[in-house]
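> Let me give you the structure first, and then I'll get to my questions.
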Amino acid sequence: MRSLNPACKFAGLLAVTFVLAWRHDPVLNLMVFLLSILLILSAQVKVKSLFLLLSPVLLFAAGMFFTGFYFSAGGDMPVSEKTMAFASSSFWNGLTLASRVLAYAGTGYLFALTTDRILLIRSFQKQFHLPQIFAYSLLAAWGILPHMMQEYRRTRAAFQARGIHTFAASPALLSPLLVKSVRWSEELSIAMESKGFSGHEKRTDFQPVRVHGYDWLFLGFCLIVFPVAAVFI
Amino acid sequence: MSIQFKALTFGYTESGKPLFSDFSAEFEKEKVTILTGASGCGKSTLLYLAAGIYPHGGGFLQNGSVTVENVSPEPLPPKERCLLAGMMFQNPELQFCMDTVKNELVFCLENICTSPKSMEKAIDQALDFCEIRHLKDRTLLSLSGGERQKVMLACITALRPKWILLDEPFANIDNEAAGAIARKLKELHQTFHMGILAVDHRLDNWLSIADEVRVLENGALLPGAINPASFDGKFLESHGIITPGHSYGPKLPPPEPGETVLELKGVSLSYGKQDILKNVTASFRRGIIYAVVGESGCGKSSLFGALSGLHKYRGTILFQGNDLKKRRKKLSGRMGFVTQNPQDQFVGGTVRQEILTSLKGNPKAADISEEILRGIRLWRYRDVSPYLLSQGQQRRLGVAALMAYDCHALICDEPTYAQDRNNTIAIMESLCQQARLRHAALIFSTHDRQLAKDYADEILQLKGGMLHALPKPGM
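Right, here's the structure in full:
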């Protein structure tokens, strides 16, 4: 999965999620989920960290299961079985909802855990023709994020030291952050410019991100084989 | 060959008084030149003009010209401009846009259209030159400030500009890293004949490599270059420049030791597997001024972060007998924190609100706030946002806001960071005077030994995660 072209991977997995949106089939959902987990594990992601990431998802899925289980559309509800029936029994109904959560989380993690962000943006630039000024500002903004987090904690501590107790992400905390981030982005853009970067000039490409045969195979599977199979399952 | 400013008139506003009017100067490529002067004298502006960042990045060039090697840098596209003059900035955290050292170098080389085949070799050469080959695949986030500045130097080495322009590159890093970078700069100057023009108000790290020091004041260069081998500290001091080994001349009433206000018992702190503080035990008394000194990265900020609640720690910190872990909320206001950047501590929308916040619950708040604001000469700005004040005004407001509480201890993390001599004195005087007046304990950190010697009653050194008392010379 790691060696797939990121843009192709993105397009392929997006297609899969669209197909899943139109189908309410728990078996299909669970198959997608299991396949995603297997692929993630085969890409040498640590089992422990995967489990940590999945635990809130599993909790949410369990919640959805019971929601679907107890509140399935019965005859006395405004939504009739005919119009909104996901499945015939309440158990099946719960399973449908829960498995959708799992399938979406699985494909999402599959993409996030096996993709390098620098390669992703370079690939978007090459394959989807994302302008380089956007591509590199995205990368630069990513670099500022850890600063933002640190600055946020610092501001919060400063407020607390002055006897003002704030809740998470309150507007009082965000306004100093906003002032600072404007200044940071200015500094950063000057630094990038002083290294010769401009949004429009031609640049060379150290390791161009290419589309290989196996990327086409993956796309073919996601865009043709999977939708067709989903219809017939 | 040189950088030339000819009859330059430049200002940040179109109509106001320009920062430079009819300014002319020439900096020769053969000499490593340090341009110095008080904060706000416009020395960084000259650098940005030479790098071609101004005027399109800010300000108005009303008249005159700037040329580097007889070429005007501003109209050039960035990829040609960076070959003329490379820049190194003050803040090592905000210079990179990629994730790893190698990717950042690739980014630089791609910008100047180096052929992909020769990139690997160019990257290795630049890293070897800066002696940081071992950092090649590290992420920039995991590097210290000094290491990041070395990476920045490697970027410049890879780009091979004709000139290197440096804007206080050592402000955030320890002396050892600064020394190593200074030596490499000299080597670049000698082997590749790159011109070097640096701007700094501290001269300590430059003296070993500089050929001449020029002083900028009131929009003009003082006549005559100063030879660093025989320079006159007194002369430079009078122009707001911090020179090694010269006293700040503090004027403070003698200390009156009171009861213990803050106690650290076996405080430890670690990031991941790295121990930053090991079992620190210390006590601080009211009426005394303490300085905490140590190299960058020795854990000064972590220690202060533990006090302010920013970092988790093991062990106990007692403030007037109350455990900080349990009763921090109740103690707010009695322990004041002065941050490096005064903007970090503002909580109010206007200058007056800033003071009123501190006086919450006081029936005479309105009168007291007026008195305080008049005292610090900010009354006429009472309805303005604190962010719009100048740096010096912000600092005065920050200290006054903390002092409006019944504050028993003031904790300041590098309060004079990146300030010139006059500002440093003004900040330290106001902090120390207030602390003496209120009979509060003042604890400040600094990496300026002279500052610690001049203003503190007791000096503590943080080294290897431990806090030791240092004997104060002359006491």
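So the protein lines, in turn, are chains A and B. First residue of the first sequence? That's 20 in my numbering, and the numbers climb one at a time after it. First residue of the second sequence? That's 3 in my numbering, and the numbers climb one at a time after it. Where a beta carbon is used, it is the ideal one built from N, C-alpha and C, also for glycine.
Output, in chain order, the set of chain B residues within a Cβ distance shorter than 8 Å of V198/A.
Q345 and Y389
> Provide the residue span of the beta strand (DSSP E) that contains N65/B, from first to last.
F62 to V70
> By the 8 Å beta-carbon criterion, what residues does the region 204-222 of chain A contribute toward chain D?
Given the protein chain composition of this structure (A and B), no chain D is represented.
> Could one say the Cβ of R83/B lies closer than 9 Å to chain A's Cβ atoms, at least one of them?
yes
> Keeping to the same chain, check which residues put their C-beta closer than 7 Å to that of F143/A; ignore five residues upstream and five downstream.
A26, L149 and A154
> Check the C-beta distance from C132/B over to K186/B and give it rounded, since I have them as a contact under 8 Å.
That pair is a contact at about 6 Å.
> Since I55/B meets chain A, which of its residues come closer than 8 Å, beta carbon to beta carbon?
I209, E212 and S213
> Can you list the beta strand (DSSP E) stretches of 3 or more residues lying completely in the region 106-183 of chain B, in chain order?
165-169
> Contact between the region 187-202 of chain A and the region 78-87 of chain B: three or more CB pairs below 8 Å?
no
> Express the C-alpha separation of A293/B and D213/B in angstroms, rounding to a whole number.
34 Å
> At a CB-CB cut-off below 7 Å, which residues of chain A make contact with C157/B?
K214
> Drop a sphere of 10 angstroms on the beta-carbon of P45/A, count the other beta-carbons inside from all chains shown, and report buried for 16 or more, exposed for fewer.
buried
> Compute the Euclidean distance between the alpha carbons of G221/B and S41/B, then round it to the nearest angstrom.
12 Å
> For A106/A, which residues in the same chain have their Cβ closer than 6 Å to its Cβ, ignoring the five residues on either side in sequence?
Because A106/A carries a pLDDT of 49, less than 50, the predicted location of this residue cannot be relied on, and no value is offered for it.
> Using the Cβ count rule (16 or more neighbours within 10 Å means buried), how would you classify D135/A?
Classification of D135/A: exposed, given that the 10 Å Cβ count is below 16.
> Could you tell me the distance, in whole angstroms, from the CA atom of G59/B to the CA atom of L404/B?
The straight-line gap from Cα to Cα measures roughly 37 Å.
> Where does Y123/A land, buried or exposed, given buried means 16+ other C-beta within 10 angstroms?
buried
> On the criterion of 16 or more Cβ atoms from any shown chain inside 10 Å, does P365/B qualify as buried, or is it exposed?
Exposed.
> Can you tell me whether F105/A is helix, strand or coil according to DSSP?
Here F105/A scores only 49 on pLDDT, less than 50, and its place in the model should not be relied on; the value that follows carries that caveat. Looking at F105/A - three-state DSSP - the assignment turns out to be coil, as it is neither helix nor strand.
> What does the alpha-carbon distance come out to for the pair H136/B and G147/B?
Roughly 16 Å between the two C-alpha positions.
> Going along chain A in order, which residues have a C-beta closer than 7 Å to the C-beta of E112/B?
R222, T223, D224 and F225
> Using a cut-off of 8 Å between C-beta atoms, extract the partners of F178/A located in chain B.
V349
> State the Cα-Cα distance for the pair P171/B and Y419/B, rounded to the nearest angstrom.
The alpha-carbon atoms of P171/B and Y419/B are separated by roughly 13 Å.
> Give me whichever residues DSSP pairs with M90/B in a beta bridge.
L168/B
> If I follow the unbroken beta strand (DSSP E) through T47/B, where does it start and stop?
That residue, T47/B, is in no beta strand (DSSP E); its alpha helix (DSSP H) goes K45 to A52.
> Taking 9 Å as the CB-CB limit, is P25/A close to chain B?
no
> D459/B to S26/B, Cα distance in whole Å?
Roughly 47 Å separates the two Cα atoms.
> Starting from T174/A, find everything on chain B with Cβ-Cβ shorter than 7 Å and list it in chain order.
D346
> Using a Cβ-Cβ cutoff of 7 Å, what residues of the region 56-83 of chain B are near chain A? List them in chain order.
G59, P79, P80 and K81
> Which residue marks the beginning of the alpha helix (DSSP H) containing L1/B, and which one marks its end?
This structure leaves residue 1/B out entirely; chain B is present only between 3 and 477.
> Using a Cβ cut-off of 9 Å (strictly closer), state whether H148/A contacts chain B.
no
> Is there a C-beta anywhere in chain B that falls below 9 Å from the one on V51/A?
no
> For S304/B, which of K8/B, N177/B, L469/B and L279/B has the nearest alpha-carbon?
That would be L279/B, whose Cα lies nearest to the Cα of S304/B.
> CB-CB under 8 Å to L453/B, same chain, minus the five flanking residues each way: which ones, in chain order?
Closer than 8 Å at Cβ, skipping near neighbours: Y250, A293, T418, T426 and M430.
> Output yes or no for whether 9 Å exceeds the beta carbon distance between D415/B and Q342/B.
yes
> Nearest-angstrom Cα distance between A160/B and P388/B?
A160/B and P388/B: Cα-Cα distance of roughly 42 Å.
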